[in-house]
Amino acid sequence: MSTRTTPSLETTAPSPSSLAFVLHPSSGHTGPGDALDKPSVLEVASIWSDTVADVQHIRPGSRPVTGGSSTGTRWRLLGIPMAWVPRSFGTVAWMMAPMLSEVSEEWKSDFFIPANHLQEDEFALFRFEDGTFVGRFREDWDGFIDCGSDRIRFSTLIEQGRAWPDGAGTFAVEVQEGTRLVAELGDMVLVSRLVPESAGIQARPGANIDPVFTGVLSLGAAVFALLMMVLWTTPPPPESTVAALEERVASLVLHRPVAAPRPASRNAPASKDDAGAKAKGEAGTIGRKNARQKEASGARRPTPKKLLDREVVSQAGVLGVL
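Its first residue numbered 2, the sequence shown is counted upward by one per residue in the numbering used here.
Quick look at the structure:
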C-alpha cells in the first residue's frame, strides 16, 4: 500500500518564477492547441513553496472542486476508482482480481490546504452554477483578484459587495473572463482563471502501454490458448456402465483357468468308500442300499444362463459392493 506524506510547513513563500509560470498573460491569447469552439474551462494551479504542485482543468458542469488535508484508502480496479474502503480491506483486495485490483492511500480532496486554514476536513473551493464558475473563500483568508492592472483584495471585495456571503464565515465571488482569483494560504497559493479548453491530441495507439505488462499478458494468453487446444484435441474417456462391468467380470469368473490337480497324499485312502470304511469300520455299511429317493413335485424350470452367470459373480464377491 503506497502512502503520501504531507509536506512540511516550514517552507518559504512561493518564488517569483513559480508565480510567473501560472500568472502569464492568457486573456486574448490563444494557441494552436486551443479548442475555440468549446466553452472555457477553469484552470486551478496550486503552488507549494517554489514548486508548482498541481494544475487541473475543470469543465463546466463538473462536480465541485474541493480542498483539504485529510486522506483515505481508495480501492481501484483497472485504475478506475471504485470506492473509499477501510484500511484493512487492502489485505484482501488483491485476491479479488490479481494484478488488476489495488488499494492505496490518497488525498480525499482535489487540492491540499493546510488544516489551520480550514474549519472542516473538506472545503468546496469552486462550483459551477447558473452557467458560471463561482470561487469560495473564508473570511480570514488572504487573497486578491487581478482584473487587468487592478488588484482587489478579498476584504475589499466584501466591503464593495462584489463577494456575497455563502455560509458561516464564507464568501463567494464569480470568476470572470480575464480575471485571476489568487488565494494565499501560508505556504500554499491557489491561482484560478478561465482558459480555452485544450484540444485533444491523438496519441499513437499503445504508446503508453508498459512493455513488461504487455509481455506478461501475452505469455498468459499463450499458455491459456495452449491448454484450451490440448483439451479440445484430447479424446473423451471410454464410457463404462455397471451392467457392462458385470458381464466382463462374469466372463472372467466363468472362464477362469483350471487349476492343476494336486498330487495325492501318501496316507490318503484310495476312494471315498474306503475312507468311510476306514473311519467307521463295520459301522460304515449301516446305510440301506435299497432306500428310495423322494421325488420333487412339479416340473423343473430351466435357469437362464445370464442369471446363472450373475449368481456366480455375486457369490464370488466381486461385485458385492456395487
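Cβ coordinates follow ideal geometry from the N, Cα and C atoms, glycine included.
Please state the DSSP three-state secondary structure of residue i.
i, result
"Q161", "helix"
"M189", "strand"
"S110", "coil"
"G136", "strand"
"A173", "strand"
"E283", "Per-residue confidence for E283 stands at a pLDDT of 49, beneath the threshold of 50, marking its modelled position as unreliable; no derived number is given."
"L308", "helix"
"E248", "helix"
"P65", "coil"
"V104", "strand"
"A184", "strand"
"S150", "coil"
"R263", "coil"
"L10", "Unreliable positioning characterises L10 in this predicted model, as indicated by a pLDDT of 37, which lies under 50. A coordinate reading is not provided."
Quick one: give me the first and last residue of the beta strand (DSSP E) that residue i is part of.
i, result
"W49", "V42 to W49"
"L126", "E123 to E130"
"T92", "First-last for T92: G91 to M97, but that is the alpha helix (DSSP H), not the beta strand (DSSP E)."
"T52", "T52 to I59"
"A222", "Unbroken run through A222 is the alpha helix (DSSP H), P212 to T234; no beta strand (DSSP E)."
"W85", "I81 to W85"
Output yes or no for whether 8 Å exceeds the beta carbon distance between residue i and residue j.
i, j, result
"F172", "F138", "yes"
"V192", "R181", "yes"
"E106", "T74", "yes"
"V190", "I48", "yes"
"E130", "S110", "no"
"E103", "R77", "yes"
"F134", "V176", "yes"
"L186", "P115", "yes"
"T72", "W108", "yes"
"G69", "L101", "no"
How is the alpha helix (DSSP H) around residue i delimited, first residue to last?
i, result
"L78", "Where L78 is concerned, there is no enclosing alpha helix (DSSP H), although the beta strand (DSSP E) it sits in stretches over T72 to L78."
Which same chain residues, not among the five before or five after residue i, have their C-beta less than 7 Å away from its C-beta?
i, result
"I153", "F145 and I146"
"A98", "L78"
"M83", "W76 and R77"
"D167", "R137 and A173"
Using a Cβ-Cβ cut-off of 8 Å (strictly less than) and excluding sequence neighbours within five positions of residue i, which residues of its own chain qualify?
i, result
"I210", "none"
"V66", "L43, V45, Q57, I59, D111, F112, A125, L126, F127 and R128"
"G170", "Q120, R139, E140 and D141"
"P87", "T74"
Among residues of its own chain, excluding the 5 on either side of residue i, which ones have a beta-carbon nearer than 6 Å to its beta-carbon?
i, result
"S28", "The predicted position of S28 is uncertain, since its pLDDT is 45 and thus under 50; no value can be drawn from it."
"D55", "S47"
"P61", "P40 and F129"
"T286", "Its pLDDT being 48, under 50, T286 is placed unreliably by the model, and the measurement read from it follows with that caveat. Excluding residues within five positions, none has a Cβ falling inside 6 Å."
"W85", "G73 and R75"
"A164", "L158, F172 and V174"
"C148", "T180"
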